[in-house]
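A.B. asks:
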Amino acid sequence: MSTQPKPKGTDRNIGTALVVEDDPILAMSIEDILIEAGSPSVTVCSSTKQALAALEKQKPDVIVLDVHLVDRDDGWAVAELVNELGPRPPRIVFSTGNPEAIPSDIKELGKVLTKPYAPETLIDAVSDSRRTGLFSRLKGAISSD
207 MSTQPKPKGT DRNIGTALVV EDDPILAMSI EDILIEAGSP SVTVCSSTKQ ALAALEKQKP
267 DVIVLDVHLV DRDDGWAVAE LVNELGPRPP RIVFSTGNPE AIPSDIKELG KVLTKPYAPE
327 TLIDAVSDSR RTGLFSRLKG AISSD
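In the working numbering, the protein residues as written are 207 to 351.
In structure tokens:
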């Protein structure tokens, strides 16, 4: 698990990020992209266990989550836990080479990026503060009454 501070001169407001990715090259690339785009802090975890420990310490603004981790068959446990973190859970961006394998109820929890994706696609996904998942739509319906 590593944490990198934000360099000076960045202009995007991504917020703090948690990257859960078991491919070390891809994890470092995502970390660099997020820092260059303006994230004040990026924590990288390579396993479900590390991700859950990181979430106990700090709630990030956004999570980039590989859905097929080596230590577990999927990243669903992390995604489901994240949505239990209170009224404003972190935004989730799923990262996968096989988007068809993501159950529809899990897809509702966040955006899905198909690997490989361009850096700008990642930046757009993590910068989008709109919450399009099921929980956000339900909250919107409840609060508009």
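Ideal Cβ placement from N, Cα and C applies to all residues, glycine included. Bear in mind that the values here come from a model prediction, so they are computed numbers and not experimental data.
What's the C-alpha gap between R219 and E306?
C.D. replies: A quick correction: the sequence has Asn, not Arg, at residue 219. Distance from the CA atom of N219 to the CA atom of E306, rounded to whole angstroms, is 31 Å.
A.B. asks: Taking a contact to mean a Cβ-Cβ separation below 8 Å, would you say D228 touches D267 in this structure?
C.D. replies: no
A.B. asks: Check for me: the beta strand (DSSP E) holding L317 runs from which residue to which?
C.D. replies: In the sequence as presented, Leu is not what sits at residue 317; that position holds Lys. Membership of K317 in the beta strand (DSSP E) is indicated by the continuous run 317 to 320.
A.B. asks: For L224, which of helix, strand or coil comes out of DSSP?
C.D. replies: strand
A.B. asks: Taking the continuous alpha helix (DSSP H) assigned at L275, which residues delimit it?
C.D. replies: Run containing L275: none; DSSP gives neither H nor E here.
A.B. asks: At what residue ranges does the stretch 227 to 254 contain a whole run of the alpha helix (DSSP H), taking only runs of 4 or more?
C.D. replies: 230 to 243
A.B. asks: Look at the alpha carbon of K255 and the alpha carbon of V226, and state the distance between them as a whole number of angstroms.
C.D. replies: 10 Å
A.B. asks: Suppose you measure from the CA of S335 to the CA of P322; what does that come to, to the nearest Å?
C.D. replies: 23 Å
A.B. asks: Could you tell me whether the Cβ atoms of A233 and S247 are closer together than 8 Å?
C.D. replies: No, the pair does not count as a contact, with Cβ atoms beyond the cut-off.
A.B. asks: Contact check, L240 vs V332 under 8 Å by CB: the rounded distance?
C.D. replies: The C-beta distance from L240 to V332 rounds to 7 Å, short enough to fall under 8 Å.
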